Amino acid sequence: MNGGQDLGGTHGHGPVEPEANEPVFHAEWEKRAFALTLAMTAPGGWNIDMGRFARENRPPGEYLSMTYYQIWLAALEHMAKEGGLVSDDEIEAGHSLQPPKPVRRILLPGDVAKVLYRGGPTERDTNTKPIFGVGDRVRAKNINPLTHTRLPRYVRGHVGTIERVIGCHVFPDSNAHGGGENPQWLYTVRFDGPELWGADSDATIKVSVDAWEPYLSPAT
Amino acid sequence: MSGHEHDHHDHDHSELSETQLRVRALESVLTEKGYVDPAALDLLIETYEKKVGPRNGARVVAKAWVDPAYRARLLKDATPAIAEIGYAGRQGEHIVALENTPKLHNMVVCTLCSCYPWPVLGLPPVWYKSAPYRSRAVADPRGVLADFGVTLPKDTEIRIWDSTSEIRYLVLPMRPAGTEGWSEEKLVELVTRDSMIGTGLPKSPKDLAK
Numbered sequence: 028m029n030g031g032q033d034l035g036g037t038h039g040h041g042p043v044e045p046e047a048n049e050p051v052f053h054a055e056w057e058k059r060a061f062a063l064t065l066a067m068t069a070p071g072g073w074n075i076d077m078g079r080f081a082r083e084n085r086p087p088g089e090y091l092s093m094t095y096y097q098i099w100l101a102a103l104e105h106m107a108k109e110g111g112l113v114s115d116d117e118i119e120a121g122h123s124l125q126p127p128k129p130v131r132r133i134l135l136p137g138d139v140a141k142v143l144y145r146g147g148p149t150e151r152d153t154n155t156k157p158i159f160g161v162g163d164r165v166r167a168k169n170i171n172p173l174t175h176t177r178l179p180r181y182v183r184g185h186v187g188t189i190e191r192v193i194g195c196h197v198f199p200d201s202n203a204h205g206g207g208e209n210p211q212w213l214y215t216v217r218f219d220g221p222e223l224w225g226a227d228s229d230a231t232i233k234v235s236v237d238a239w240e241p242y243l244s245p246a247t
Numbered sequence: 005m006s007g008h009e010h011d012h013h014d015h016d017h018s019e020l021s022e023t024q025l026r027v028r029a030l031e032s033v034l035t036e037k038g039y040v041d042p043a044a045l046d047l048l049i050e051t052y053e054k055k056v057g058p059r060n061g062a063r064v065v066a067k068a069w070v071d072p073a074y075r076a077r078l079l080k081d082a083t084p085a086i087a088e089i090g091y092a093g094r095q096g097e098h099i100v101a102l103e104n105t106p107k108l109h110n111m112v113v114c115t116l117c118s119c120y121p122w123p124v125l126g127l128p129p130v131w132y133k134s135a136p137y138r139s140r141a142v143a144d145p146r147g148v149l150a151d152f153g154v155t156l157p158k159d160t161e162i163r164i165w166d167s168t169s170e171i172r173y174l175v176l177p178m179r180p181a182g183t184e185g186w187s188e189e190k191l192v193e194l195v196t197r198d199s200m201i202g203t204g205l206p207k208s209p210k211d212l213a214k
């Protein structure tokens with residue numbers, strides 16, 4: 028979706044302000060919101076792409092005026108409610124008011140280290156061959172789905188070069204919306220600065236995105 | 005929207021009680037229903053507050069600086085090379101190491117959210133997740149570097165990697181001059197978090213003496 032999250036090349040956000048000796052968390056609630064988000068993927072059964080869509084799927088003004096953990100919290104509440112795990116009444120009351128929904132599993136303390144170490148690899152076996160090879164010129168398609176995509180607006184319609192054939196990976200555009208993993212070939216595509224930002228832009232910069240095959244068409 | 009990220013701390017504070025109460029309420033409900041075990045939450049927090057952070061990445065970089073065979077393995081396939089020293093997993097399932105040279109400077113961003121190589125750098129700082137960085141890194145990297153007090157030669161190529169997939173990027177900065185013969189342990193002290201994102205450079209021996 029062309030939402031508030033798709034920030035590359037937008038203006039007016041001011042300077043980057045690094046914080047000296049920044050703590051990992053800035054408030055107690057941030058710690059809990061972070062940990063709840065990670066832990067709830069077990070009973071919730073949602074995947075990382077569903078999580079990303081739940082975060083970005085809100086009015087841009089709202090997205091841009093929330094802190095990052097506020098966005099995480101809002102997405103967690105949304106997914107938990109949508110999954111029938113909690114209700115607004117219960118969050119208002121701060122207590123469980125209905126019996127729990129049966130869930131497949133929960134994250135147990137003894138499994139935390141193992142689960143984090145394993146992570147969630149997204150590379151999948153395939154019988155298909157990649158259409159593009161290193162050095163090929165490709166155009167990022169001009170797509171504007173209302174749904175989740177990982178093709179940022181600032182590269183759409185522009186021509187770049189395949190720098191690396193990464194492998195066959197879970198396709199977020201499907202996976203975020205219950206369409207299954209639908210693995211697709213993934214490439215690193217490099218664009219020249221002036222191709223993206225115009226003839227008078229810095230010619231010494233090159234920008235790459237990782238793009239799945241359905242995002243690309245041949246440019247020759 | 006201009007300036008809202010400026011005020012993110014004030015913003016946090018003004019809404020702290022409301023958000024704090026909301027998180028507490030949600031945690032209570034989820035715990036009472038048996039969906040989460042609070043002891044698991046404590047462990048998750050402890051892991052990323054105490055155990056996993058940029059010190060991990062600094063060890064990878066320092067080892068690459070002293071051990072050419074390790075450096076070659078890291079640049080060829082970083083995920084197993086990093087796992088050799090014990091770092092792997094969530095948000096670092098597929099890592100690529102990017103080598104800085106006198107002619108090429110690498111910088112990493114996630115314009116669409118906050119993708120960041122957790123096993124080697126820990127959780128991202130606020131600025132990395134913020135609109136100013138995400139918007140400008142891909143279009144005006146020299147301007148962003150100036151915000152960090154970094155100026156590169158005009159003819160240095162700047163290569164920006166937008167983390168749009170589950171590939172995570174770790175910059176391998178250049179080993180600072182004047183560190184010949186230094187031990188790996190001592191070199192670790194020179195490797196800053198920002199030098200592994202590409203928004204900074206490693207400390208010099210002079211910086212370390214300060």
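Protein chains in written order, with this note's numbering: chain A, 28 to 247; chain B, 5 to 214. Even for Gly, the Cβ is constructed at its ideal location relative to N, Cα and C. Since this is a predicted model, take the numbers as computed values, not measurements.
Chain-ordered chain B contacts of residue i [CB-CB under 7 Å]
i: ARG177 (chain A); result: LEU116, THR168, SER169
i: SER201 (chain A); result: What SER201 (chain A) touches in chain B: nothing, since even the nearest Cβ is about 14 Å away.
i: LYS58 (chain A); result: ILE49
Within chain A, partners of residue i - CB distance below 7 Å
i: GLY61 (chain B); result: Simply none; closest approach about 15 Å.
i: LEU45 (chain B); result: ARG59, ALA62, LEU63, ALA66
i: GLU36 (chain B); result: HIS122, SER123
i: TYR52 (chain B); result: VAL51
i: SER32 (chain B); result: GLY121, HIS122
i: ARG179 (chain B); result: Chain A residues near ARG179 (chain B): none, gap ~23 Å exceeds 7 Å.
i: ASP159 (chain B); result: THR231
8 Å Cβ cutoff, residue i in contact with chain B
i: ALA47 (chain A); result: no
i: HIS105 (chain A); result: no
i: LYS108 (chain A); result: no
i: GLY35 (chain A); result: yes
i: THR260 (chain A); result: Because chain A spans 28 through 247 in this model, residue 260 (chain A) falls outside it and cannot be assessed.
i: VAL165 (chain A); result: no
i: PRO42 (chain A); result: yes
i: THR188 (chain A); result: no
i: LEU173 (chain A); result: no
8 Å Cβ cutoff, residue i in contact with chain A
i: LYS80 (chain B); result: no
i: LEU191 (chain B); result: no
i: HIS10 (chain B); result: With a pLDDT of only 45 at HIS10 (chain B), under 50, the local geometry of the prediction cannot be trusted, and no value is derived from it.
i: ASP14 (chain B); result: Here the model assigns ASP14 (chain B) a pLDDT of 48, short of 50, so the residue's position is not dependable and the matter cannot be decided.
i: TRP165 (chain B); result: yes
i: ALA92 (chain B); result: yes
i: VAL27 (chain B); result: yes
i: VAL112 (chain B); result: no
i: MET5 (chain B); result: Confidence in MET5 (chain B) is poor, its pLDDT being 37 and thus under 50, which makes the residue's placement unreliable; the coordinate value appears in the next sentence. It does: the Cβ of MET5 (chain B) has a partner Cβ on chain A nearer than 8 Å.
i: ILE162 (chain B); result: yes
i: ASP211 (chain B); result: no
i: ARG75 (chain B); result: no
Beta carbon of residue i nearer than 8 Å to that of residue j
i: THR215 (chain A); j: ASP237 (chain A); result: yes
i: ASP33 (chain A); j: ARG180 (chain A); result: yes
i: LEU48 (chain B); j: VAL51 (chain A); result: no
i: GLY30 (chain A); j: SER139 (chain B); result: no
i: ARG163 (chain B); j: ASN110 (chain B); result: yes
i: ARG197 (chain B); j: LEU125 (chain B); result: yes
i: ALA203 (chain A); j: ARG79 (chain A); result: yes
i: THR247 (chain A); j: PRO210 (chain A); result: no
i: SER199 (chain B); j: PRO206 (chain B); result: yes
Proximal residues of chain A, C-beta to C-beta of residue i below 8 Å
i: PRO129 (chain B); result: PRO45, GLU46, GLU49
i: SER187 (chain B); result: Those do not exist, as SER187 (chain B) stays about 26 Å from chain A at its closest Cβ, beyond 8 Å.
i: LYS133 (chain B); result: TYR95
i: PRO136 (chain B); result: HIS40, GLY41, PRO42, VAL43, GLU44
Where residue i meets chain B, residues with beta-carbon distance less than 9 Å
i: LYS168 (chain A); result: Residues of chain B passing the Cβ test: none, with the nearest at roughly 14 Å.
i: LEU11 (chain A); result: As displayed, chain A neither begins before 28 nor continues past 247, which places residue 11 (chain A) out of reach and without an answer.
i: HIS196 (chain A); result: HIS98, SER169, GLU170, ILE171
Contact set between residue i and chain B, taken where Cβ atoms lie within less than 8 Å
i: TRP224 (chain A); result: ALA143
Continuous alpha helix (DSSP H) stretch holding residue i: start and end
i: LYS141 (chain A); result: 139-145
i: GLY88 (chain A); result: 87-92
i: ALA277 (chain B); result: Look at the range of chain B in this structure, 5 to 214, and you will see that residue 277 (chain B) is not part of it.
i: MET200 (chain B); result: 197-201
i: SER169 (chain B); result: Taken as a continuous stretch (DSSP letters only), SER169 (chain B) belongs to no alpha helix (DSSP H), as it is neither H nor E.
i: TRP56 (chain A); result: 55-66
Per-residue contacts from residue i into chain A (C-beta, under 9 Å)
i: VAL148 (chain B); result: PRO42, VAL43
Where the beta strand (DSSP E) containing residue i begins and where it ends
i: LYS233 (chain A); result: 232-239
i: ASP219 (chain A); result: 211-219
i: ASN110 (chain B); result: 108-113
Residue i Cβ short of 7 Å to the ligand ADP heavy atom set
i: ARG183 (chain A); result: This structure simply doesn't include the ligand ADP, nor any ligand for that matter.
(message) Using a Cβ distance threshold of 8 Å, determine whether the region 86-105 of chain B contacts the region 168-179 of chain B, with at least three qualifying pairs required.
(response) yes
(message) Counting beta carbon pairs with one atom in the region 167-186 of chain A and one in the region 188-202 of chain B, are three or more of them shorter than 8 Å?
(response) no
(message) Between the region 65-85 of chain B and the region 153-161 of chain B, can you find at least three pairs of beta-carbon atoms closer than 8 Å?
(response) no
(request) Count the CB pairs spanning the region 96-108 of chain A and the region 63-83 of chain B that are closer than 8 Å, and state whether there are at least three. (result) no
(request) Kindly confirm or deny that the region 181-195 of chain A and the region 149-164 of chain A touch, where touching means at least three C-beta pairs closer than 8 Å. (result) yes
(message) Below 8 Å, how does it come out for the region 58-77 of chain A and the region 130-150 of chain A: are there three or more Cβ pairs, yes or no?
(response) yes
(request) Evaluate contact between the region 28-41 of chain B and the region 136-151 of chain B, counting only Cβ atoms and requiring at least three cross-stretch pairs below 8 Å. (result) no
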